[in-house]
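See structure below.
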Amino acid sequence: MQNIDIASLHDDAGDRLAGLGRWWLDRAGGGIALSAVAASFFGTGRHPDPGACLARIEPADRHVVRAALDRVHAGGTGVECEFRVRTDGLGLRWLRLQQIDTSGSPVAAGILVDVTAARQAAARERFNFALTQYLVGTDSIDDAVTGILQLVCEELGWEWGAYWALDDRAGTLRCRYAWQAPRHALAPFRAASARLTMAPGEGMIGTVWDSGEARWIEDASGTADLLRAQAAHACGLQSAYFFPVTFVASDACLMRPGVLEFFSVQQRQPDAQLPGLAKSIAAMIAQAVERMTQQERIRVRAQTDEMTGLANRAHFYDQVDRQCRDARTGQTFGVLFVDLDQFKPINDAFGHDAGNVVLTTFAGRLRALAPPGWRIGRLGGDEFALLSAPGATPQELERVAETVLDAARRRFVYGEHRLAVSASIGISTYPDHGGCTRELLHAADAAMYTSKRSGRNLASRFSGDGAPADAGHRIGLLTDLHSAIRRGEFFLEYQPIRTSDNMDIEAVEALIRWRRPNGEIVPPNVFIPLAEQSRLIVDIGRWVVRQACQDLARLRAAGLTGVRVHVNMAAPEFIDAELPDRLTAIAAAAGVDPRGICLELTEGVVMKHPEKSIATMRELRRRGFGIGLDDFGMGYSSLSLLKNLPIGSLKIDRLFMAGVPYDRNDCAIVRSLLDLGRHMKLTVVAEGIETDAQLGYLRQFGCPLVQGWLPGRPVPLERLFDLIAQPQAA
Ligand code: C2E
Ligand code: MG
Ligand code: MG
Numbered sequence: 001m002q003n004i005d006i007a008s009l010h011d012d013a014g015d016r017l018a019g020l021g022r023w024w025l026d027r028a029g030g031g032i033a034l035s036a037v038a039a040s041f042f043g044t045g046r047h048p049d050p051g052a053c054l055a056r057i058e059p060a061d062r063h064v065v066r067a068a069l070d071r072v073h074a075g076g077t078g079v080e081c082e083f084r085v086r087t088d089g090l091g092l093r094w095l096r097l098q099q100i101d102t103s104g105s106p107v108a109a110g111i112l113v114d115v116t117a118a119r120q121a122a123a124r125e126r127f128n129f130a131l132t133q134y135l136v137g138t139d140s141i142d143d144a145v146t147g148i149l150q151l152v153c154e155e156l157g158w159e160w161g162a163y164w165a166l167d168d169r170a171g172t173l174r175c176r177y178a179w180q181a182p183r184h185a186l187a188p189f190r191a192a193s194a195r196l197t198m199a200p201g202e203g204m205i206g207t208v209w210d211s212g213e214a215r216w217i218e219d220a221s222g223t224a225d226l227l228r229a230q231a232a233h234a235c236g237l238q239s240a241y242f243f244p245v246t247f248v249a250s251d252a253c254l255m256r257p258g259v260l261e262f263f264s265v266q267q268r269q270p271d272a273q274l275p276g277l278a279k280s281i282a283a284m285i286a287q288a289v290e291r292m293t294q295q296e297r298i299r300v301r302a303q304t305d306e307m308t309g310l311a312n313r314a315h316f317y318d319q320v321d322r323q324c325r326d327a328r329t330g331q332t333f334g335v336l337f338v339d340l341d342q343f344k345p346i347n348d349a350f351g352h353d354a355g356n357v358v359l360t361t362f363a364g365r366l367r368a369l370a371p372p373g374w375r376i377g378r379l380g381g382d383e384f385a386l387l388s389a390p391g392a393t394p395q396e397l398e399r400v401a402e403t404v405l406d407a408a409r410r411r412f413v414y415g416e417h418r419l420a421v422s423a424s425i426g427i428s429t430y431p432d433h434g435g436c437t438r439e440l441l442h443a444a445d446a447a448m449y450t451s452k453r454s455g456r457n458l459a460s461r462f463s464g465d466g467a468p469a470d471a472g473h474r475i476g477l478l479t480d481l482h483s484a485i486r487r488g489e490f491f492l493e494y495q496p497i498r499t500s501d502n503m504d505i506e507a508v509e510a511l512i513r514w515r516r517p518n519g520e521i522v523p524p525n526v527f528i529p530l531a532e533q534s535r536l537i538v539d540i541g542r543w544v545v546r547q548a549c550q551d552l553a554r555l556r557a558a559g560l561t562g563v564r565v566h567v568n569m570a571a572p573e574f575i576d577a578e579l580p581d582r583l584t585a586i587a588a589a590a591g592v593d594p595r596g597i598c599l600e601l602t603e604g605v606v607m608k609h610p611e612k613s614i615a616t617m618r619e620l621r622r623r624g625f626g627i628g629l630d631d632f633g634m635g636y637s638s639l640s641l642l643k644n645l646p647i648g649s650l651k652i653d654r655l656f657m658a659g660v661p662y663d664r665n666d667c668a669i670v671r672s673l674l675d676l677g678r679h680m681k682l683t684v685v686a687e688g689i690e691t692d693a694q695l696g697y698l699r700q701f702g703c704p705l706v707q708g709w710l711p712g713r714p715v716p717l718e719r720l721f722d723l724i725a726q727p728q729a730a
């Protein structure tokens, strides 16, 4: 180091403050000199042996530094690299080596900057991004947490990462998820982890959970309270870091769902940055856990009938679907379609509360009488259905039907009243009366009408001969429905969709109504499902779009240029390949821009034929139509499916609004759907807003658009002109 005049080398105070070190390298002699700050990074003197510095550098990064120094030696300029150093006291640090221009001098020089904070900020950023990806891209908490473990291990150089979750019921901690670096033989450690459970306070994991404090160990095999010390030793695992996962839940309670651990095959020293990073990793895992739990809640909610807790219609149909699909040859089973007799008079005379008591009590009785393996659903109103276990014989079906009749005849207690109803039951069997859900339910429904016509309080088996005409009322409705378009019996009403902040009308939703010749107004959820069973729905859909486009043209002509029209679409309409052409033609004929029209689909529509509908959606969007997801949260679509949908908006189903702002679960679901919308850059509409409290809540959590009785009921077009003309006070 004779060539370098050490007297001229010093750190100024500024260097120290900035964590800035300096280095000099004698190109000819190969010696190096370091400023005091630089020497402190390596824990060496100011004229160290290059080997001593290299020894402190992470093995994986040494070649980078060697290559950089070789280039400096060879007379290169502008050399730069980043590498990790194990420092005394500050743990693992990232340093940037940068050469400065000393051309002409035999001594090359440069600076060493501690860039650890920036590196870790970038890592945190990457974690955040990856977390969003996991949340949207995976269906299960398992995938999300394992993905996050892998990310942390790869970023920070750990060979093993695991999450120990507290099982609330057993009160023990258990290794739920683990990730290991592929090139290391850690199978014995994995097996030892899988075998182990521990109580809070027990062993390393239990202690960390109990105390809420992170722990660092330098040598795993010598640590007494690590219950897997032997396995760790056998696998060459040395240093480890354990920290509790904590978060504050939506109800402000502090939750501690588990502990994270990371192991390294190297002996590492505590890293000063790790605690901070650990906190944000823990928060992310906690957030993932909470979101996934909520998704699970949404799923359960979407499958159950709120009032009775039985399976709802969609879920019951799914169960029948599955049983048809899985039926072995020769196996029979059956469906009982149950409709209560004389239920409406109870509702009319005693009010809805009385009706609800009858329905919930009856649901309870069905639950009690159903043999093991049977499923029960509430299909709507006073209609219930039972699906037998696979293998049930026709005799068993009839026996159960008898007990259902009994259950319906027993009085229902409402206050001092003892209410009487009975049941009409229809029975169909697989495969004689149908090979799929639609056929089986149709047959059971027809048989149920036979029971009704034969005087009620009866069970009838489906008999093919009298078939369709037996479905009585429904068939009558369907017949009338066929001529409704021709006779001009449909009309549209429009419900405003308003901005939540100042209640401007942003859009309107077209809702179809049917006025039958007898003057009765039939709501869409009665006749649309009937129409959906045939091509009729396509004709009705076409009528709606044509009418809505003409009305939109009138709105435009009246100077109301900003308002868009939402139109509902049913599945059979949507999978029609000609839809884009047809809609474009209808819009053009009415002289309206497709950008003024938003098509509302439900998740079910997309789920039925994902590929076909996504292609149709893309094409429609290309042509300018907006696409929104209706009744969101009710279907079963996974978030990963949602990610691929070319949609611009989503409507939170009004079922979730019912509990806002008082029901904790509903609120949490609504908030997480709002979050989801924001993440995915979708406009969120909350529907079913009936109270000021709901509106206030939505405003608070930044829901941009609202729809419901409070912002405005559906009205005929003429009323809409007035509504738009006179803005509502916020
Ligand atoms: P949707 O698309 O979810 O429409 C919203 C429904 O919620 C409408 O019922 C609306 O009147 C009702 N609603 C609005 N605000 C509130 C509120 O604050 N509280 C409550 N309890 N309800 C509110 P509607 O008009 O009976 O329509 C029912 C469903 O029928 C619609 O649900 C939609 O799925 C379907 N539908 C309506 N029109 C059409 C159509 O033209 N074509 C197709 N395929 N389906 C339609
Ligand atoms: Mg809708
Ligand atoms: Mg809806």
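Heads up: the sequence shown runs through residues 1 to 730, numbered per my numbering.
Glycine residues also receive a C-beta, built at the ideal position from the N, C-alpha and C atoms.
How should Cys-253 be labelled, buried or exposed, when 16 other C-beta atoms within 10 angstroms of its C-beta is the threshold for buried?
Cys-253 counts as exposed, since fewer than 16 other C-beta atoms from the protein chains shown sit within 10 angstroms of its C-beta.
How about Arg-256 and Pro-244: are their beta carbons less than 8 Å apart?
Contact flag set, yes.
CA-to-CA distance, Arg-554 to Ala-571, given in whole angstroms
Those two C-alpha atoms are separated by around 29 Å.
Would you say Met-680 and Pro-646 are within 8 Å of each other, going by their C-beta atoms?
Taking 8 Å as the Cβ cut-off, Met-680 and Pro-646 do not qualify as a contacting pair.
For ligand 2, is there a heavy atom less than 7 Å away from the beta-carbon of Asp-630?
Within the cutoff, so yes.
According to the Cβ coordinates, are Arg-509 and Ile-528 closer than 8 Å?
First, the amino acid is wrong: residue 509 is Glu here, not Arg. Not in contact: Glu-509 and Ile-528 (Cβ atoms no closer than 8 Å).
Assuming Arg-515 contacts Phe-491 under a Cβ cut-off of 8 Å, what Cβ separation, rounded to an integer in Å, is found between them?
Confirmed, Cβ separation roughly 7 Å.
Kindly give me the distance between the Cβ atoms of Asp-631 and Thr-602, rounded to whole angstroms, as I take these residues to be in contact under 8 Å.
That belief holds up - the Cβ atoms of Asp-631 and Thr-602 are roughly 5 Å apart, short of 8 Å.
According to DSSP, Leu-95 sits in a beta bridge with which residue or residues?
According to DSSP, which records beta bridges pairwise, Leu-95 is partnered with Phe-83, Asp-114.
If distances are taken between C-alpha atoms only, which option among Thr-197, Met-204, Asp-70 comes closest to Cys-81?
It is Asp-70 whose Cα lies nearest to the Cα of Cys-81.
Expressed to the nearest angstrom, what Euclidean distance is found between the alpha-carbon atoms of Thr-437 and Arg-595?
Between Thr-437 and Arg-595, the C-alpha separation is close to 39 Å.
Limits of the unbroken alpha helix (DSSP H) element including His-609:
Looking at the DSSP string, His-609 is not in any alpha helix (DSSP H), and its letter there is neither H nor E.
Can you determine whether any heavy atom of ligand 2 sits closer than 7 Å to the C-beta of Glu-600, and answer yes or no?
Glu-600 Cβ: within cutoff of ligand 2.
Mind checking who Thr-499 pairs with in its DSSP beta bridge?
In the DSSP output, where bridge partners are listed per residue, Thr-499 has Leu-705.
Since Gln-550 is in the alpha helix (DSSP H), which residue starts that stretch and which ends it?
Gln-550: member of the alpha helix (DSSP H) spanning 536-557, first to last residue.
Looking at Phe-412: is its Cβ nearer than 8 Å to the Cβ of Val-358?
Closer than 8 Å, so yes.
Pro-580, enclosing alpha helix (DSSP H) - first and last residue
The continuous alpha helix (DSSP H) containing Pro-580 extends over residues 579-590.
Any heavy atom of ligand 2 closer than 7 Å to the beta-carbon of Asn-665?
Not so, every heavy atom of ligand 2 lies at least 7 Å from the Cβ.
Beta bridge counterpart(s) of Leu-25 as assigned by DSSP:
Answer by DSSP bridge pairing, in chain order: Ile-32, Ala-108.
Would you check if the distance between the CB atom of Ile-597 and the CB atom of Arg-297 is smaller than 8 Å?
No; because the gap between Cβ atoms is not below 8 Å, this pair is not in contact.
Assigned secondary structure, Gly-628 (DSSP; H/G/I helix, E/B strand, else coil)
Assigned with DSSP and collapsed to three states, Gly-628 falls in strand.
Applying the criterion that 16 or more other CB atoms from any shown protein chain within 10 Å of the CB defines a buried residue, is Arg-664 buried or exposed?
Under this definition Arg-664 is an exposed residue.
Is Gln-180 buried or exposed, if buried means 16 or more other CB atoms sit within 10 Å of its CB?
Taking every protein chain shown into account, the CB of Gln-180 has 16 or more other CB atoms within 10 angstroms, so this residue is buried.
Ile-205 in three-state terms, based on DSSP:
The answer is helix: DSSP assigns Ile-205 an H, G or I state.
Beta-carbon proximity list for Arg-773, same chain, < 6 Å, skipping 5 on both sides
Lying before the first or after the last residue shown, residue 773 is absent from the chain, which here runs from 1 to 730.
What are the boundary residues of the beta strand (DSSP E) that Asn-568 is part of?
Bounds of the beta strand (DSSP E) holding Asn-568 are 564-568.
Does the distance between the C-beta of Ala-194 and the nearest non-hydrogen atom of ligand 1 fall short of 7 Å?
Checking the 7 Å criterion, the Cβ of Ala-194 is out of range of every heavy atom belonging to ligand 1.
Would you give the residue range spanned by the beta strand (DSSP E) that Ser-428 belongs to?
Taken as a continuous stretch (DSSP letters only), the beta strand (DSSP E) holding Ser-428 covers 422-430.
On the DSSP bridge assignment, give the partners of His-417 in chain order.
Paired residues: Tyr-414.
Taking 8 Å as the threshold, find out whether the segment 433-450 comes into contact with the segment 366-373 through three or more Cβ pairs.
Per the Cβ contact rule, the segment 433-450 is not in contact with the segment 366-373 (fewer than 3 Cβ pairs under 8 Å).
Can you give the Cα-Cα distance for Leu-673 and Met-198, rounded to whole angstroms?
Annotation: Leu-673 to Met-198 spans about 36 Å, alpha carbon to alpha carbon.
In the DSSP assignment, find the beta strand (DSSP E) that holds Phe-189 and state where it starts and stops.
Premise fails: Phe-189 lies in the alpha helix (DSSP H), 187-195, not in any beta strand (DSSP E).
Val-495: buried (16+ other C-beta within 10 angstroms of its C-beta) or exposed?
The sequence given here places Gln at residue 495; Val does not occur at that position. Counting Cβ neighbours within 10 Å, Gln-495 comes out buried, since at least 16 surround it.
Thr-479, buried or exposed, once every other Cβ within 10 Å from all chains shown has been counted against 16
With fewer than 16 neighbouring CB atoms inside 10 Å of its own CB, Thr-479 falls in the exposed class.
In the DSSP assignment, find the alpha helix (DSSP H) that holds Arg-453 and state where it starts and stops.
That run of the alpha helix (DSSP H) goes 437-453.
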